[in-house]
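There are 4 protein chains.
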Amino acid sequence: MDSIVIEDTYAEAFKTKAAYLLITAATKELAYTAAVEATGFATSFIGCPAEAGIDEYVDVDKTPDNRPGYSIIICQNSTKKVEEQLLNRIGQCVLTAATTSVFNLLPDSDTQTNLGFKLSFFGDGYQEKIEKYDKTLYKIPVMSGDFLIEENFGICDAVAGGNLYIMAKCQQSALTAAIAAVNAIKSVPHVITPFPGGIVASGSKVGSHEYSFMHATTNEAYCPTLKDKIDNSKLSSDCNGVYEIVFDGLTQEDVDVATQKAITAIKTIPDVQVISAGNFGGKLGEYKIKLINE
Amino acid sequence: MDSIVIEDTYAEAFKTKAAYLLITAATKELAYTAAVEATGFATSFIGCPAEAGIDEYVDVDKTPDNRPGYSIIICQNSTKKVEEQLLNRIGQCVLTAATTSVFNLLPDSDTQTNLGFKLSFFGDGYQEKIEKYDKTLYKIPVMSGDFLIEENFGICDAVAGGNLYIMAKCQQSALTAAIAAVNAIKSVPHVITPFPGGIVASGSKVGSHEYSFMHATTNEAYCPTLKDKIDNSKLSSDCNGVYEIVFDGLTQEDVDVATQKAITAIKTIPDVQVISAGNFGGKLGEYKIKLINE
Amino acid sequence: MDSIVIEDTYAEAFKTKAAYLLITAATKELAYTAAVEATGFATSFIGCPAEAGIDEYVDVDKTPDNRPGYSIIICQNSTKKVEEQLLNRIGQCVLTAATTSVFNLLPDSDTQTNLGFKLSFFGDGYQEKIEKYDKTLYKIPVMSGDFLIEENFGICDAVAGGNLYIMAKCQQSALTAAIAAVNAIKSVPHVITPFPGGIVASGSKVGSHEYSFMHATTNEAYCPTLKDKIDNSKLSSDCNGVYEIVFDGLTQEDVDVATQKAITAIKTIPDVQVISAGNFGGKLGEYKIKLINE
Amino acid sequence: MDSIVIEDTYAEAFKTKAAYLLITAATKELAYTAAVEATGFATSFIGCPAEAGIDEYVDVDKTPDNRPGYSIIICQNSTKKVEEQLLNRIGQCVLTAATTSVFNLLPDSDTQTNLGFKLSFFGDGYQEKIEKYDKTLYKIPVMSGDFLIEENFGICDAVAGGNLYIMAKCQQSALTAAIAAVNAIKSVPHVITPFPGGIVASGSKVGSHEYSFMHATTNEAYCPTLKDKIDNSKLSSDCNGVYEIVFDGLTQEDVDVATQKAITAIKTIPDVQVISAGNFGGKLGEYKIKLINE
Numbered sequence: 025m026d027s028i029v030i031e032d033t034y035a036e037a038f039k040t041k042a043a044y045l046l047i048t049a050a051t052k053e054l055a056y057t058a059a060v061e062a063t064g065f066a067t068s069f070i071g072c073p074a075e076a077g078i079d080e081y082v083d084v085d086k087t088p089d090n091r092p093g094y095s096i097i098i099c100q101n102s103t104k105k106v107e108e109q110l111l112n113r114i115g116q117c118v119l120t121a122a123t124t125s126v127f128n129l130l131p132d133s134d135t136q137t138n139l140g141f142k143l144s145f146f147g148d149g150y151q152e153k154i155e156k157y158d159k160t161l162y163k164i165p166v167m168s169g170d171f172l173i174e175e176n177f178g179i180c181d182a183v184a185g186g187n188l189y190i191m192a193k194c195q196q197s198a199l200t201a202a203i204a205a206v207n208a209i210k211s212v213p214h215v216i217t218p219f220p221g222g223i224v225a226s227g228s229k230v231g232s233h234e235y236s237f238m239h240a241t242t243n244e245a246y247c248p249t250l251k252d253k254i255d256n257s258k259l260s261s262d263c264n265g266v267y268e269i270v271f272d273g274l275t276q277e278d279v280d281v282a283t284q285k286a287i288t289a290i291k292t293i294p295d296v297q298v299i300s301a302g303n304f305g306g307k308l309g310e311y312k313i314k315l316i317n318e
Numbered sequence: 025m026d027s028i029v030i031e032d033t034y035a036e037a038f039k040t041k042a043a044y045l046l047i048t049a050a051t052k053e054l055a056y057t058a059a060v061e062a063t064g065f066a067t068s069f070i071g072c073p074a075e076a077g078i079d080e081y082v083d084v085d086k087t088p089d090n091r092p093g094y095s096i097i098i099c100q101n102s103t104k105k106v107e108e109q110l111l112n113r114i115g116q117c118v119l120t121a122a123t124t125s126v127f128n129l130l131p132d133s134d135t136q137t138n139l140g141f142k143l144s145f146f147g148d149g150y151q152e153k154i155e156k157y158d159k160t161l162y163k164i165p166v167m168s169g170d171f172l173i174e175e176n177f178g179i180c181d182a183v184a185g186g187n188l189y190i191m192a193k194c195q196q197s198a199l200t201a202a203i204a205a206v207n208a209i210k211s212v213p214h215v216i217t218p219f220p221g222g223i224v225a226s227g228s229k230v231g232s233h234e235y236s237f238m239h240a241t242t243n244e245a246y247c248p249t250l251k252d253k254i255d256n257s258k259l260s261s262d263c264n265g266v267y268e269i270v271f272d273g274l275t276q277e278d279v280d281v282a283t284q285k286a287i288t289a290i291k292t293i294p295d296v297q298v299i300s301a302g303n304f305g306g307k308l309g310e311y312k313i314k315l316i317n318e
Numbered sequence: 025m026d027s028i029v030i031e032d033t034y035a036e037a038f039k040t041k042a043a044y045l046l047i048t049a050a051t052k053e054l055a056y057t058a059a060v061e062a063t064g065f066a067t068s069f070i071g072c073p074a075e076a077g078i079d080e081y082v083d084v085d086k087t088p089d090n091r092p093g094y095s096i097i098i099c100q101n102s103t104k105k106v107e108e109q110l111l112n113r114i115g116q117c118v119l120t121a122a123t124t125s126v127f128n129l130l131p132d133s134d135t136q137t138n139l140g141f142k143l144s145f146f147g148d149g150y151q152e153k154i155e156k157y158d159k160t161l162y163k164i165p166v167m168s169g170d171f172l173i174e175e176n177f178g179i180c181d182a183v184a185g186g187n188l189y190i191m192a193k194c195q196q197s198a199l200t201a202a203i204a205a206v207n208a209i210k211s212v213p214h215v216i217t218p219f220p221g222g223i224v225a226s227g228s229k230v231g232s233h234e235y236s237f238m239h240a241t242t243n244e245a246y247c248p249t250l251k252d253k254i255d256n257s258k259l260s261s262d263c264n265g266v267y268e269i270v271f272d273g274l275t276q277e278d279v280d281v282a283t284q285k286a287i288t289a290i291k292t293i294p295d296v297q298v299i300s301a302g303n304f305g306g307k308l309g310e311y312k313i314k315l316i317n318e
Numbered sequence: 025m026d027s028i029v030i031e032d033t034y035a036e037a038f039k040t041k042a043a044y045l046l047i048t049a050a051t052k053e054l055a056y057t058a059a060v061e062a063t064g065f066a067t068s069f070i071g072c073p074a075e076a077g078i079d080e081y082v083d084v085d086k087t088p089d090n091r092p093g094y095s096i097i098i099c100q101n102s103t104k105k106v107e108e109q110l111l112n113r114i115g116q117c118v119l120t121a122a123t124t125s126v127f128n129l130l131p132d133s134d135t136q137t138n139l140g141f142k143l144s145f146f147g148d149g150y151q152e153k154i155e156k157y158d159k160t161l162y163k164i165p166v167m168s169g170d171f172l173i174e175e176n177f178g179i180c181d182a183v184a185g186g187n188l189y190i191m192a193k194c195q196q197s198a199l200t201a202a203i204a205a206v207n208a209i210k211s212v213p214h215v216i217t218p219f220p221g222g223i224v225a226s227g228s229k230v231g232s233h234e235y236s237f238m239h240a241t242t243n244e245a246y247c248p249t250l251k252d253k254i255d256n257s258k259l260s261s262d263c264n265g266v267y268e269i270v271f272d273g274l275t276q277e278d279v280d281v282a283t284q285k286a287i288t289a290i291k292t293i294p295d296v297q298v299i300s301a302g303n304f305g306g307k308l309g310e311y312k313i314k315l316i317n318e
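Residue numbers (my numbering), protein chains in the order written: chain A, 25 to 318; chain B, 25 to 318; chain C, 25 to 318; chain D, 25 to 318.
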């Protein structure tokens with residue numbers, strides 16, 4: 025464990041737009057079910073309609089309605105696209121979910137979208153605008169009772185593409201370290217891990233050597249099964265597994281904190297050899313998330 | 025419990041297109057994680073890019089690679105749209121997931137799409153076409169090892185929109201009955217429950233009385249908080265909660281079996297009053313899924 | 025919701041002895057698995073060898089070894105019985121669990137038991153006493169690597185028998201309220217809910233009218249199916265479900281906080297009618313946990 | 025993967041007594057919660073009051089009351105001790121659990137214990153003996169409604185101590201293989217994996233070289249951190265992790281099937297080196313569970 029090398033490099037992150045919402049429900053499990061559906065199919069801007077994930081559990085004495093909740097973050101590269109995603113994801117995956125309500129966690133953001141107003145037309149004339157919990161809400165009669173949603177939802181700048189590479193002697197050691205890293209990041213507020221289980225098994229490079237129509241292809245320099253077949257492998261001869269973890273945060277500081285906490289967790293797993301990160305020499309993004317801070 | 029009324033009506037289901045795939049992984053939990061992400065944000069064709077869900081757990085002696093797996097179903101209303109969804113959902117949510125492989129569960133379907141071939145370009149020239157498990161697969165080197173995916177995937181006709189309405193004295197009784205019904209349907213092969221937790225809290229009617237731009241709005245006749253305010257309520261005075269469950273199957277028989285099994289389960293929950301279903305007099309679909317069979 | 029009656033009564037709690045430990049592991053899930061097994065079969069002193077439960081998740085930057093962990097509490101009515109339970113539960117359910125370590129969360133308690141020393145004999149001469157994380161630990165070689173456990177574990181006074189009764193129009197409404205209450209209590213540090221899911225479906229009275237050999241029997245005054253058959257029913261004619269929640273804390277203040285938080289959560293569930301609590305006029309215990317504070 | 029050595033040896037299993045029961049509830053999750061509590065603190069006869077575990081999920085059309093259920097197995101080394109465990113575990117962990125009922129899955133066993141009759145005294149005179157589902161049941165009024173339990177429960181001979189050792193290059197690879205093996209065994213009917221997560225991190229030998237008072241101590245020959253310090257290590261120089269899995273079945277055939285299925289699953293995990301099993305030359309038990317069948 026003592027011999028893990030932390031490379032003196034950085035993850036290259038980039039600016040995005042994000043919404044930050046709270047879903048509450050009668051029980052913790054019901055809130056979780058809605059949050060999972062609303063943030064599904066949202067691992068990467070390449071190929072998914074959004075990057076999204078669950079931020080954290082919010083205890084009953086910190087929610088407006090004293091019910092258990094989960095905060096979620098939904099990212100896209102423009103305010104308009106975030107608005108589209110909100111309309112579809114909250115309309116189809118949360119309005120439809122049992123016992124849920126939805127609240128704005130960015131009330132002070134300059135950009136506000138009237139998602140609640142738009143969704144209220146589902147009420148077909150029976151919806152009501154009300155004041156409750158010191159907020160302006162819409163109350164929409166539905167089969168299960170009344171659905172409550174705040175009128176406005178903030179959209180803010182955010183930082184996508186925080187990442188770490190984990191290299192290990194065995195594939196399962198790298199994977200366990202990735203799981204431990206995601207466990208650690210989950211307790212950092214304002215940070216999500218959009219990939220399945222928070223983990224990327226197939227980390228990519230930008231573009232392609234072979235196929236001009238591909239925007240992203242396998243990062244062969246980090247592929248264990250290619251290490252003896254290519255000249256540019258960055259893996260040592262006894263590395264047999266690499267996993268990447270990817271995370272987005274509301275600010276660069278959030279991503280920095282998540283990075284350090286993930287490194288702390290990774291270092292606890294036996295047979296991990298190297299911790300590194302993906303960057304593209306500044307081609308992709310404007311944020312440098314350093315692994316080693318002076 | 026004895027006094028539950030099962031209305032002599034039918035759910036109106038409609039034809040769709042579907043892919044039916046198997047995701048395997050090193051452990052049951054890793055396979056599940058990938059399956060959840062790949063079928064997320066997929067509750068309804070109105071507003072979601074697909075209807076999708078997990079079909080069932082597939083035991084290690086029934087998978088090609090002897091690893092635990094989950095079968096999933098992804099529906100859209102044309103072959104082309106299913107192909108698009110496959111490319112994005114498998115490419116972004118399964119290729120990226122730890123230790124996964126993907127197999128075709130519709131090898132005999134007349135329509136086959138070469139999803140594995142298309143995704144293999146991610147290998148940037150390092151991919152290989154191989155024969156294994158009596159199948160044609162692509163082996164794509166990735167950071168974690170090699171990703172295996174079958175070359176072709178079948179697309180078939182399927183039946184969407186199976187549904188039941190559950191009315192009860194208390195909202196939580198209707199909800200528990202809906203959960204029990206989803207529990208029951210989960211063991212019917214070839215059937216998915218695409219909504220969050222399989223349940224719809226906000227069952228809708230087609231169109232709107234008030235807003236011409238809305239394709240679906242609240243089904244006010246079944247809204248408990250409106251029952252004393254409108255003339256067309258279908259709820260008894262002591263009904264305080266209604267939940268809908270929605271399910272899609274590969275064939276009408278699958279949906280029929282699921283319907284009967286769900287009814288059996290719903291009948292076990294105290295304080296349920298009525299079981300009904302949603303139909304639109306034949307406007308929406310061609311299949312009549314009867315609640316009571318002669 | 026507005027009409028819930030909170031009875032001006034108290035739960036009668038009693039003194040017990042408790043151990044308070046931290047189980048860490050490579051991943052959150054592995055730590056949880058060990059904690060569940062170690063605290064199983066431990067709902068009540070009547071019939072179980074202990075009352076035990078998981079306290080809370082402990083984040084990687086708050087554990088000695090930077091791995092995810094769960095704190096657990098194990099109660100019995102004497103120091104000696106707590107020591108016996110520790111030896112068996114930690115020896116059989118945590119030493120055997122994958123990747124775990126165990127730490128003392130009561131280092132300042134006057135009573136310390138040398139559990140780590142006792143378990144170290146499992147090492148059959150290969151065990152070592154070491155200093156690590158500013159603690160005295162035993163390192164025991166096992167098949168999976170080395171098992172680490174602190175030498176001493178504190179035992180303290182604690183408060184058992186905190187409870188609330190929840191009465192509702194439907195059984196499922198009372199149950200959902202009980203689940204919401206347990207969700208709320210789970211975030212109160214130093215409090216456990218030892219029954220299955222934290223909930224008691226069969227709340228009891230002390231002793232029996234009919235059978236002198238029974239120490240506890242059904243509390244018929246709160247049984248919905250008896251309300252029309254007995255004279256002493258405490259249920260209104262439209263109450264059809266009652267659930268009790270039971271919780272133990274390290275101090276009376278912990279139990280007081282849990283009680284108020286649970287009440288807050290219960291009040292959010294529709295169709296709940298009354299919140300009360302069980303007491304025995306001071307026969308059972310020395311602590312009065314009031315529902316309503318002046 | 026191709027080079028895994030399966031040693032031509034056997035696991036030594038021994039005769040025990042077992043009860044085999046079905047717990048049903050309103051939902052799958054509620055049934056699971058009760059089953060987990062009832063089978064907790066039950067990893068090994070050495071130090072635990074029983075060996076117990078969940079057998080499998082039982083679908084709504086295979087349970088007497090059409091509710092979802094889990095079958096469980098509880099083992100002890102005499103009929104009397106099984107009876108004691110049933111009384112305490114079902115009385116404290118299932119009678120107390122929300123919405124549960126309990127049924128006998130060994131109605132044809134020669135030995136039947138009247139557990140339901142004994143527990144019915146909890147009803148304090150309000151219990152009733154009834155016929156339902158073609159069975160003789162007790163109906164006990166409780167706070168949540170009525171608790172139903174069958175009158176008699178069978179006790180049969182069973183086979184404990186099925187096991188496999190998994191050796192791998194990295195600890196996490198052995199662990200993942202153990203998890204995959206447990207996943208595989210879970211679908212074998214009549215077989216339980218009583219340890220935490222089904223896995224033993226600290227496999228033991230009978231007795232001790234150093235301490236006459238110890239009945240079981242670490243199996244130093246399989247401890248990776250001792251392999252360079254002792255003469256009798258059975259591990260190769262590049263083995264860094266060993267996990268054992270332990271399972272009990274109702275018959276030897278059940279344990280044989282589980283063994284083969286587990287081996288099939290283990291073989292799918294990279295970096296596993298050897299599969300073996302624990303035996304004691306016939307000192308412990310009468311059953312030889314061979315790894316390789318002619």
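Glycine included, every Cβ here is placed at the ideal spot set by N, Cα and C.
Since we're looking at a predicted model, the values are computed, not measured.
- Taking a C-beta distance under 7 Å as the contact criterion, residue 308 of chain A and residue 38 of chain A qualify as a contact pair.
- In the DSSP assignment, the residues bridged to residue 136 of chain C are C:178.
- Residue 96 of chain B and residue 187 of chain B have their alpha carbons spaced roughly 19 Å apart.
- Boundaries for residue 266 of chain A: no alpha helix (DSSP H) harbours it, while the beta strand (DSSP E) harbouring it runs 265-273, taken from the DSSP string.
- Shown in chain order are the members of the region 242-276 of chain B whose Cβ falls below 9 Å from a Cβ of chain C: 264, 265.
- Between the alpha carbons of residue 31 of chain A and residue 125 of chain C lies a distance of about 29 Å.
- Looking only at A:34, A:92, A:59, A:80, the smallest Cα-Cα distance to residue 206 of chain C is reached by A:92.
- Short of 6 Å from the beta carbon of residue 67 of chain C, and not among the five residues preceding or following it, lie these beta carbons of its own chain, in chain order: 218, 219.
- Straight through space, the alpha carbons of residue 252 of chain C and residue 165 of chain D are spaced by roughly 13 Å.
- Closest in alpha carbon position to residue 106 of chain D, among D:181, D:94, D:61, is D:181.
- Per DSSP, the unbroken beta strand (DSSP E) holding residue 41 of chain A starts and ends at 34-48.
- Under the criterion of beta carbons closer than 8 Å, residue 247 of chain A and residue 65 of chain B do not qualify as touching, at roughly 30 Å.
- Under the DSSP definition of a beta bridge, residue 66 of chain D lacks any partner.
- In the structure shown, residue 301 of chain D adopts coil according to DSSP, grouped into three states.
- The CB of residue 136 of chain C never comes closer than 8 Å to any CB in chain B; the least such distance is about 38 Å.
- Within the model, the alpha-carbon separation for residue 168 of chain C versus residue 225 of chain D is close to 5 Å.
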